[in-house]
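Sequence lines, in order, name chains G and U.
So that you can map any letter, position 454 of the first sequence is 454 in the numbering used here, and since no number is skipped, the others follow by simple counting.
Position in the second sequence (first residue = 1) + 520 = the numbering used here.
Step one of this worksheet: look at the structure below.
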Amino acid sequence: MNAPNPSGWRPSIGIDSSEEIAVKTASGDRGLALEESLIFELGATGKCGVDFDPPSAEPLPGLAKFLRAAPLDLPGLTEPETVRHYTRLSRQNYAIDLGPFPLGSCTMKHNPRLNEKVARMPGFGDIHPLQPRRTVSGAYEAIAQLADWLLALTGMASIALSPKAGAHGELCGLLCIRAALEARGDPREVVLVPESAHGTNPATAAFAGYRVENIPATPEGRVDLAALKARLGPDVAGVMITNPNTCGLFEPDMKIISQVVHEAGGFVYCDGANFNAIVGRVRPGDLGIDAMHINLHKTFSTPHGGGGPGSGPVVLSVALAPFAPLPMVRRDATGVARLIEESDATGTGHDSFGRMAAFHGQMGMFTRALTYILSHGADGLRQVAEDAVLNANYVLRSLEDVLDAPFAASGPCMHEALFSDFGLAEGFSTIDIAKGLIDEGFHPMTVYFPLVVHGAMLVEPTETESKAGLDRFIASLRSLAERGRAGDEALKSAPHFAPRRRLDETQAARKPVLVWKAEG
Amino acid sequence: MRYLPLTQDDRQAMLATISAGSIDELFRDVPEDAVLDGPVAGLPLHASEMAVERHMAALAAKNLSAGAAPFFIGAGAYRHHIPASVDHLIQRGEFLTAYTPYQPEIAQGTLQVLFEFQTQVARLLGTDIANASMYDGSTACWEAIAMAGRITRRKRAVLSGGLHPHYAETAKTMARFTGDALAARVPVLVPEPDDAEVIAAIDAETSCVVVQYPDVLGRIPDLAAIAEAAHAQGALLVAVVTEPVALGLLEAPGALGADIVVGEGQALGVGLQFGGPYLGLFGCREKFVRQMPGRLCGQTVDADGRRGFVLTLSTREQHIRREKATSNICTNSGLCALAFSIHMTLLGGEGLAKLARINHARARRTADALSVLPGVSVLNSAYFNEFTVLVPGEARVVVQALADRGVLGGVSFGRLYPHAPELAGAMLVTATETTADEDIAALVAALQEVLP
């Protein structure tokens with residue numbers, strides 16, 4: 001191990017353990033490396049961390065036949081035990097707050113804390129979606145301001161804010177396309193998806209009732225325009241293009257793609273997962289697209305929270321705007337933001353494809369994203385894209401001598417740098433580099449995606465990493481690449497210094513244990 | 521800009537490293553006529569934390585928050601007291617700023633929480649297993665209908681009239697595009713739920729019956745009878761729970777024969793938040809596991825034989841199966857699941873039962889106070905913490921007039937069902953442990969002013 005170790009601290013487990021004095025503790029914990037049992041092993045049904053006054057009435061007689069036959073068997077903990085349980089668990093997580101989280105396509109940037117404070121203001125956090133409209137005018141105004149910004153930044157005609165995450169936004173876009181095609185009496189069956197697309201694209205198209213066909217990529221990592229043109233026809237409802245694409249490259253033919261798809265009577269859906277690379281510098285509307293979702297939890301910094309919640313507003317072209325889902329917030333002629341739940345007298349919402357979810361969207365994410373946008377302003381958002389792209393190119397050029405960068409010759413990348421496992425020693429693969437990064441104190445990059453590159457490693461540093469932080473990350477990744485090329489066996493068993501070693505995923509899937517059960 | 525660490529010197533040094541003359545060179549693949557040469561015109565520039573907070577606080581101040589008024593609104597989103605430790609714990613950066621746990625060695629915190637959450641949800645709903653969450657109750661409901669279709673290979677679902685109209689509309693939207701047939705109905709203002717009509721609608725082509733428990737009028741259907749009728753025709757029972765606190769008092773749907781139980785978990789730990797983000801709960805029989813949508817966390821061991829947790833059975837999911845996946849869902853409601861799980865841990869089974877009894881008692885107190893008003897009556901023969909109130913005239917007008925007096929008195933069925941004039945005289949009134957005697961008195965006083 002050549003990792004910097006200024007303190008001289010040596011682990012008691014791990015690759016050097018044969019040389020170490022085995023230290024066994026009675027507790028199983030080691031200093032600040034704390035193990036934590038399950039609540040089912042710690043708690044008791046009768047324990048409680050909440051105090052109540054006794055109920056002021058007995059259940060209605062009519063309720064008797066519906067009551068639980070047996071007490072609910074769920075363990076409780078008092079407040080100090082609860083706080084300790086979750087705090088100890090939290091320490092087994094890596095997080096942006098601890099260091100770079102360079103997951104390609106995921107845009108793990110710093111989550112400003114002002115956003116959290118704002119979302120918790122009672123006027124946003126403690127209002128009910130079905131309150132009388134006049135009691136929540138500020139909420140509609142906040143939604144409308146977010147919509148104004150997103151439309152200006154994307155150069156699109158209209159927006160649907162109700163989708164609850166990126167994939168839900170994709171669904172919204174495709175349902176708009178279906179509704180538009182059905183409205184002109186031209187239902188079509190096929191959606192074309194490049195083979196480099198996120199898995200949600202084909203899954204969404206199928207969920208919306210379409211048949212999915214793949215479009216190949218060129219050796220340069222772009223959509224194969226000739227193959228796309230050849231496949232277009234009267235059965236093609238549309239294409240789903242990610243731009244910048246999942247190889248980290250801008251699609252230079254995007255305007256031509258939009259044009260040929262439109263000429264063939266189809267629509268262009270753009271996966272906006274990678275909008276962070278171009279926000280403030282390019283408006284997707286200028287590229288001729290018809291719909292694009294925006295992951296507020298990526299470009300606009302709402303926290304990922306260990307797997308959501310997200311938010312996936314969809315911007316729409318003039319052609320698709322009439323079909324946007326209800327409910328919607330729109331400004332009236334005087335500029336006042338209003339909630340439209342049903343098609344109104346002006347015809348707004350008349351052609352809507354309907355409702356996608358209860359209530360009207362991820363307000364908690366809207367307020368965070370709007371706060372983020374106002375903090376950056378038009379100039380700061382442009383700087384976001386520039387720094388994100390600069391950081392990715394810096395990573396790409398700093399490592400292309402030790403890691404294979406299949407599209408490095410294609411020119412600059414956008415906001416993410418793509419490497420392959422080509423050149424690693426026999427028997428070594430991307431997973432070994434990824435697990436080695438864990439030992440180095442970093443979260444791994446996205447691995448084995450996109451599928452068009454063998455052993456893909458997709459690194460998205462984002463704009464919120466400093467140059468010094470990137471240099472540390474690059475030094476670690478360089479060291480790992482060299483060890484992988486040299487065939488350092490210790491890499492095969494990484495990570496050594498994480499709360500767990502590699503986990504047996506095969507066993508987990510073969511005999512799934514999805515809920516806790518008392519032993520014996 | 522306070523969130524951007526690169527200095528101008530850094531940028532110059534980095535451009536030199538990558539042999540680029542300028543930032544613009546990095547965007548050379550963008551067609552020239554699509555490049556903006558400066559910040560998007562007409563938009564404000566960056567602002568200080570203080571200025572942004574002031575702007576947002578001014579917008580927030582225009583809203584009447586639930587805690588600032590006598591508050592009786594429910595209908596799928598419930599205001600409960602959330603212990604302070606819940607919000608503190610979910611804001612720990614290790615939870616808040618982590619990603620989906622794709623690298624389990626450094627995500628055991630999130631993964632163990634999900635395993636505990638799945639177990640809590642399964643026990644609460646009375647199902648064998650549960651997943652790691654969906655977006656919300658309404659989308660979970662459609663996913664359950666789609667899943668029942670895959671299991672039974674039938675495409676006709678029967679929806680109870682007691683299903684929340686937003687849930688029914690969400691399902692209708694999807695069914696229109698997938699070719700599923702939905703037999704849905706508008707509720708009728710009678711004291712008992714529509715169990716008999718639902719049972720009569722089940723036939724040999726029915727994939728599932730979808731029944732909300734308690735229903736959108738606050739009535740409580742007889743799930744066991746519906747399950748029996750569904751199973752006799754080879755159909756599944758999908759039970760929908762929009763108020764999980766009810767299950768502290770009422771029998772779990774799974775124990776009554778429901779095959780899939782979905783719900784809205786917002787009531788525990790998550791807060792109102794004007795409709796989202798919320799938390800979809802999804803439980804079912806173990807034999808259906810490979811047809812489930814969404815993430816699943818499973819127990820396993822690491823290379824040293826220590827217990828650990830991973831995301832599992834991902835061959836169902838979009839990132840592996842692509843167009844053959846059981847659902848397109850990717851990001852779900854991880855942080856809301858954490859909040860739910862912490863709140864549930866603070867409560868425990870006995871605490872939830874107490875909380876449920878208090879909710880019911882507050883609703884009884886409210887119902888008793890309203891039903892003595894002239895012209896006002898409570899429809900339900902049974903309810904948990906919300907019930908339907910019949911008022912003279914249009915309830916929508918009554919609710920508005922109450923709001924004018926600073927009272928958030930309920931939800932009119934006119935708003936929920938704008939095309940059903942026969943429901944216009946009814947409103948849904950909800951009470952929870954947060955409903956004080958003074959709130960009830962304020963509602964009664966305001967109603968006395970408002971009603972003829």
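Quick reminder that beta carbons are idealized off the backbone N, C-alpha and C, glycines included.
The model shown is predicted, which means the values in this text are computed figures rather than measured ones.
Residue-level contact by beta carbon fails for I780(U) and chain G, as no gap is shorter than 8 Å. In this structure the region 395 to 402 of chain G does not lie against the region 588 to 595 of chain U, because fewer than three pairs of beta carbons, one per stretch, are closer than 8 Å.
The three-state secondary structure of Q532(U), taken from DSSP, is helix. In terms of beta-carbon proximity, F615(U) lines the interface with chain G, with at least one pair separated by less than 8 Å. Short of 7 Å from the beta carbon of I143(G), and not among the five residues preceding or following it, lie these beta carbons of its own chain, in chain order: L161, V329, A337 and F366.
A652(U) and F637(U) do touch by the CB rule: their CB atoms are close to 7 Å apart, below 8 Å. Taking V318(G) as the centre and dropping the five residues before and after it, the same chain places the C-beta of A157 and S158 closer than 8 Å to its C-beta, in chain order. Listed along chain U, no residue sits closer than 7 Å to R331(G) by beta-carbon distance, the nearest being about 15 Å off. Shown here, A139(G) sits in a helix according to DSSP, grouped into three states. In the three-state scheme derived from DSSP, where H, G and I count as helix and E and B as strand, F275(G) is classed as helix. Per the Cβ contact rule, the region 297 to 308 of chain G is in contact with the region 852 to 862 of chain U (3 or more Cβ pairs under 8 Å). Think of a sphere of 8 Å around the beta carbon of S466(G): the chain U residues whose beta carbon falls inside it are P525, L526 and D530, in chain order. Relative to the Cα of A915(U), the nearest Cα in the group S539(U), Y903(U), R696(U) and L948(U) belongs to L948(U). Looking at E784(U), A755(U) and R522(U), the one whose alpha-carbon comes closest to that of M570(U) is R522(U). Just so you know, the alpha carbons of L232(G) and L418(G) end up roughly 29 Å apart.
Under the DSSP assignment, T950(U) falls in the beta strand (DSSP E) whose first and last residues are A946 to T950. When DSSP states are grouped into helix, strand and coil, H293(G) belongs to the strand group. The DSSP-derived three-state label of M363(G) is helix.
Counting along the chain, the unbroken alpha helix (DSSP H) around R935(U) starts and ends at F933 to L936. The beta carbon of G945(U) sits no closer than 8 Å to any beta carbon of chain G. A Cβ-Cβ distance of about 35 Å is found for the pair L867(U) and V911(U), leaving them out of contact under the 8 Å criterion. Under the 10 Å beta carbon count, R368(G) is surrounded by 16 or more other beta carbons and is classified as buried. Between L316(G) and D290(G), the CB-CB gap stays under 8 Å. Comparing alpha-carbon positions, the option among L503(G), V453(G), V384(G) and A490(G) lying closest to T527(U) turns out to be V384(G). Look at M570(U) here: in three-state DSSP terms it is helix. Put simply, the backbone Cα of F124(G) is about 45 Å away from that of A494(G). Contact between R877(U) and L769(U) is confirmed by a C-beta separation of about 6 Å, below the 8 Å threshold. The DSSP-derived three-state label of I722(U) is coil.
Rounded to the nearest whole angstrom, the CA to CA distance from H297(G) to G613(U) is 15 Å. Counted as a single uninterrupted DSSP element, the stretch harbouring E182(G) is not any beta strand (DSSP E) but the alpha helix (DSSP H) occupying residues G166 to A183. Taking CB atoms only, I626(U) has a neighbour in chain G less than 8 Å away.
Inter-segment contact for the region 708 to 723 of chain U and the region 680 to 695 of chain U is present: three or more beta-carbon pairs are separated by less than 8 Å. Annotated three-state conformation of R925(U) is coil, per DSSP. Between L792(U) and R673(U), the gap from beta carbon to beta carbon reaches 8 Å or more.
By the criterion of a C-beta distance shorter than 6 Å, A889(U) is surrounded in its chain by I960 and V964, once the five residues flanking it on both sides are discounted. Rounded to whole angstroms, the Cβ separation of V268(G) and I256(G) is 11 Å, and the two are not in contact under 8 Å.
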